[in-house]
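Encoded as structure tokens, the structure appears first; notes follow it.
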Amino acid sequence: MPRRRPHLSNFACALLGTAAILALGPAYAAGAIDKQDFGQIERGRYLAIVGDCAACHTLPGSGHDFAGGRTIETPFGQLVAPNITPDPLTGIGAWTDDEFVDALTKGTGRDGEHLYPAMPYTYFTKITRDDALAIRAYLNSVAAVHNEVKVDQLPFPLSERGGMAAWDALFFTPGEYKPDPNKSADWNRGAYLTEGLGHCGLCHTPKNVLGGDEAGEAMKGYNLQGWFAADITDDRRRGLGSWSVDDIAAYLKTGHNRTAAATGLMAETVNLSTSKMTDSDLKAIATYLKDRARGQSDQKDFAQEPPPADQNSMKSGAQIYADECSACHSPSGKGVPGLFPALAGAPIVQQTDPTSLIHVVLRGALSVGTPPAPTAPEMPAFAWVMNDDQVAAVVNYIRNSWGNSAAIVGSGDVRKERDALRERSD
Amino acid sequence: MEAETWRFLPTDFALKSHLTQRYGANFLPADMTIQDWGVSYDDLEPHYTEFEYLCGTSGLAGNLNGKIQDGGNPFEGPRSKPYPTPPQKQGYGHMLFAAAAKRLGYKPFPQPSGNLSESYTNPLGVTLGQCSYCGFCEWFGCANYSKASPQTTVLPVLLRKSNFEGRTECEVTRINLDSTGKRATGITYADSSGEEYEQPADLVLLCAFSLFNVQLLLLSSIGAPYDPQNGQGQIGRNFSHQTLSDALGFFAKDKYNFNPFIASGAIGMCIDEFNGDNFDHGPLGFVGGGYIGQVQTGGRPIQTTAVPPGTPAWGPKWKQALKDNYLSTINSPGACHASMCSYRDNYLSLDPTYKDRFGRPLLRLTIDLHDNETKMSAFLTDKFAEILKEMGAKQIVKRPRKGPYDVTEYQTSHLNGGAIMGDNPKNSALNRYLQSWDVPNLFVVGANAFPQNAGYNPTGTVGALTFWAAEAIRTQYLKNPGPLVHA
């Protein structure tokens, strides 16, 4: 798949606000829900955490929850997340409940216009109406902030929303989640959260050239914003196959487990969303992820010998690893649980796309701190220490030692990544 | 800085009464102003333990609940729990010292270390890594999360608390008092641009480095400044340092390879036979002592290299001598890590001439070495040299501490006293809970509270005193704000 060609679906934000900006009509259209029902609001608050609404709709550091303004990077240009506070003029206070539910689950704006799928309505369509209304009740309860956001900053012709109807026809399957009666309640809850509100596939599923989810490739990993969102199928080498249900749940809850640590975009997701989810929901997600594609994932290369790498490069990689990496990650690649991620057997270092590993070596990484795992250790950057050949050598050594096996990385790959990261301010 | 994490001896906390009882009041020099702390080892023991478990300290217990343990320090006070992590691994030079010390009848033990022997998660949930013995611990931060320090033990949790706010690049310029002068109303601080802000407070904890604690008390007119002429006044009194000395041991290069670069900041094998009052001072004519050890912290270029006396200071002969001796020299800075008593003429005061960027007087340090310390240093250095000889050194260069005090020679950053703790306001600035006698809503935490210094690095005791004071604040002061000790 040509990774760098434009596609549409990596937008991480909605255009819910557009209609409201234009609305000059009645100030507030009351919904059918009871605004004072604490249970409903509290449930909505939790669901908004599961959906990680704040990731896009709250500008970090602004102090204004859900008032929009965060720039959302897409391969096609930039969008700015709209204001979803109850402000009637610049937020969604004037929206009816039906308009809200339609935006969330059908990707249609208040005037019937199409939203861009940066707002993950392609996933949210699985949300029940009850849950959508609970989120609405919660959003009605937050402080109204008057903040006019110019959402649409895409270039022509993408700025023409009419094209989205054709896109929806191709890539959008509307419809609420239908439980599988043959699976456990846990499994079904996990599926509902993973495929719906949690919209894991937005980052973790490969996209086609138009930005739609690649058919049959769900959760096999995807390159975005300088990272490769890892394969989270049950693949034993690259996916979650070597992790138990508890390992996955611990990772989501704390940002760390016995072998791994979250960084980059996933660190933000853990911080804002998964660390605040209930243990039972996390276990449900883990149960579903472990089971959803069991037997379907590609297992044939698990026992494969390391590819015939350039042996000189592997040798210099081993030397660099001993000098620069082994003090923390240990000579055997086992790391230290809760502190320094293991590299031996680690899916993240064996991804088909080595972007994240190269990124971490060049730029270093800050892991996430959570109440149960507050340490948040940081790895230093090596871009200033190592040239492209050296980074490639150590990356190849890590990807092909201690039983690891992955495609060889060339110094050109490192150069490309180095150039790309130079442009990134995040 | 290097993370040695010791406990003081039980007798250290009752030094004046203990020495007077054992040797008689006339044994102590007339100008020596040592005194008891007002707090006992037993009071502090649980808090030493808390501090060690916060830091993950690596060591081997020598006295567990009164039972002497093989391989540990048999002179230490009874500890309620073993060290949280096992002792660090030791280098060849360190083990050679231990073997020689044992042959001479001593009981060597591993130095307690805040550079961890293995990864450890402390009671706050913060994880530290295993030391890699890189030999760049002394003077440097640790990139491996292996050295116990605020950012590897406490800050990750503190920063996450919703009721915590840290203001960086700010400096407190004074503690503000109300019109009675007996109550702090808060502090004034300046940011990096020099602009001043007032921060009101019900309770002020002064937790700067010992010297700055004393400077702030003097600048804020809290308590009476010490006057060395008449011995009156408590702020600035009983300033002490650490009496450091060592000896270089040059060994035959074809027989010994110490690989000195494999080390950590608090690695080492030590003996405690000549610390505190663990030995009879009667015939010796001095009091005090220190631990003695091979505590070499690395083989870093220039700073930790040594060449035999008579070698030119530069040029090919120096290079050859360095090459010949680098791997086969025992260079253990601070091998004799000894106490320093307090004296009437060692004190802290505001400088009459020099001022800081805010126009405030700088702190002036007035100190000299006294005969008691130089005698002790000569004695300890001889003992260390005897062990070097037993190890097989072919040439030994003794470097005992001598007067006058020379500020150009590094002799630790352990600057103590100046606002000391005690049992009444006539002999101390702080009560036994580190609470100011003069301003009860002010606690002053740090080595400034030491009435005199013991023969150990101070960090463990500063940590224990901090937990001790924090407990008193939590369980007593907050319930009933006011003086915790009535004089």
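Protein chains in written order, with the numbering used here: chain A, 1 to 426; chain B, 427 to 913. Glycine included, C-beta positions come from ideal geometry on N, C-alpha and C. None of these values were measured; they are calculated from a predicted model.
Closest residue to residue i among the options (Cα-Cα distance)
i      : options                        : result
A:Y264 : A:D37, A:R363, A:D97, A:H64    : Going by the sequence as given, residue 264 of chain A is Gly instead of Tyr. For the residues A:D37, A:R363, A:D97, A:H64, the minimum Cα distance to A:G264 belongs to A:R363.
B:A678 : B:K815, B:N499, B:Y831, B:T834 : B:K815
B:Y449 : B:F439, B:L603, B:G711         : B:G711
A:G221 : A:Y138, A:G201, A:P120, A:E423 : A:G201
A:R425 : A:Y46, A:V50, A:T71, A:I41     : A small correction: the amino acid at residue 425 of chain A is Ser; Arg does not occupy that position in the sequence shown. Of A:Y46, A:V50, A:T71, A:I41, the residue nearest in Cα terms is A:T71.
B:A875 : B:L585, B:L632, B:S443, B:P538 : B:L632
B:Q556 : B:G659, B:E544, B:F566         : B:E544
B:P735 : B:P512, B:L748, B:G540         : B:L748
A:V385 : A:L289, A:G198, A:R418         : A:R418
A:D37  : A:R136, A:K283, A:M119         : A:R136
B:F869 : B:G485, B:M458, B:Q878, B:A898 : B:A898
B:K852 : B:T723, B:F687, B:Q660         : B:Q660
A:N257 : A:G216, A:A132, A:P174, A:A346 : A:A346
A:T74  : A:L158, A:P331, A:T355, A:A165 : A:L158
B:I822 : B:N541, B:L674, B:C568         : B:L674
Contact test: residue i Cβ vs the ligand MG heavy atom, cutoff 8 Å
i      : result
A:T233 : The model on display carries no ligand, and the ligand MG is accordingly not part of it.
Short CB-CB distance (under 9 Å) between residue i and chain A
i      : result
B:P727 : no
B:P512 : no
B:C560 : yes
B:T553 : yes
B:Y571 : yes
B:A429 : no
B:R586 : yes
B:L480 : no
B:L550 : yes
B:T547 : yes
B:P851 : no
B:Q556 : yes
B:P582 : yes
9 Å Cβ cutoff, residue i in contact with chain B
i      : result
A:A406 : no
A:A420 : no
A:P117 : no
A:G338 : yes
A:C439 : The structure shown has nothing for residue 439 of chain A, since chain A only spans 1 to 426.
A:C203 : no
A:C56  : no
A:C328 : yes
A:A23  : The predicted position of A:A23 is uncertain, since its pLDDT is 32 and thus under 50; a value taken from the coordinates is nonetheless stated next. Chain B contact via Cβ: absent.
A:D426 : no
Own chain residues within Cβ distance below 6 Å of residue i, not counting five before or after
i      : result
B:T578 : L554, Y571
A:P341 : A260, A261, G335
A:Y177 : K126, Y192, G196
B:Y682 : S754
A:A55  : L272
B:T669 : A764, M766, E799, S803, R827
A:N404 : Q350
Neighbourhood of residue i by C-beta distance below 7 Å, restricted to the same chain and skipping five residues each side
i      : result
A:S297 : At A:S297 the pLDDT is 47, less than 50, meaning the model places this residue with poor confidence and gives no usable figure here.
A:P155 : G77
B:P907 : N867
B:S636 : L841, N842, G844, G872, A873, N874
B:G657 : R770
B:V865 : L603, K608, R609, A610, I648
Below-9 Å beta-carbon distance, residue i vs any chain D residue
i      : result
B:P576 : As a matter of chain content, chain D is missing from the structure shown, whose protein chains are A and B.
Spatial neighbours of residue i in its chain, beta-carbon cut-off 8 Å, leaving aside the 5 residues before and after
i      : result
B:N602 : A610, T611, G612, I613, T614, E624, S646
Inter-stretch contact at 8 Å, needing at least 3 Cβ pairs: the segment 427-436 of chain B / the segment 885-904 of chain B: Contact between the segment 427-436 of chain B and the segment 885-904 of chain B is established, with three or more Cβ pairs separated by less than 8 Å.
The segment 219-229 of chain A contacting the segment 311-328 of chain A, beta-carbon criterion three pairs below 8 Å: Segment contact: the segment 219-229 of chain A against the segment 311-328 of chain A, fewer than three CB-CB distances shorter than 8 Å; contact not assigned.
Is it the case that the segment 137-150 of chain A contacts the segment 61-74 of chain A, given that we only count it when at least three CB pairs across the two stretches are under 8 Å? Short answer: they touch.
Interfacial residues, the segment 361-390 of chain A to chain B, with Cβ spacing under 8 Å: For the segment 361-390 of chain A, the residues whose beta carbon sits under 8 Å from a beta carbon of chain B are, in order, G369, P371, P372, A373, P374, T375, A376, P377, P380.
Contact residues within the segment 530-545 of chain B, judged by C-beta distance below 7 Å to chain A: Hits within the stretch, in order: S545.
The segment 755-762 of chain B touching the segment 719-727 of chain B, judged by at least three CB pairs closer than 8 Å: By the Cβ test, the segment 755-762 of chain B is in contact with the segment 719-727 of chain B, since at least three Cβ pairs between them sit closer than 8 Å.
Any 3 or more C-beta pairs closer than 8 Å across the segment 818-835 of chain B and the segment 785-802 of chain B: The answer is yes - the segment 785-802 of chain B touches the segment 818-835 of chain B, with three or more Cβ pairs under 8 Å.
Please name the residues in the segment 625-636 of chain B whose beta-carbon is closer than 7 Å to at least one beta-carbon of chain A, in chain order. Listed by position, the residues of the segment 625-636 of chain B near chain A (Cβ gap below 7 Å) amount to none.
At a cut of 8 Å, does the segment 513-520 of chain B reach the segment 532-542 of chain B through at least three beta carbon pairs? Counting C-beta pairs closer than 8 Å gives three or more between the segment 513-520 of chain B and the segment 532-542 of chain B, which meets the contact rule.
Contact between the segment 697-705 of chain B and the segment 497-512 of chain B: three or more CB pairs below 8 Å? Under the three-pair Cβ rule at 8 Å, the segment 697-705 of chain B counts as touching the segment 497-512 of chain B.
Counting Cβ pairs closer than 8 Å, one from the segment 280-294 of chain A and one from the segment 385-398 of chain A, do we hit at least three? The segment 280-294 of chain A, when compared against the segment 385-398 of chain A, does not touch it at the 8 Å Cβ threshold.
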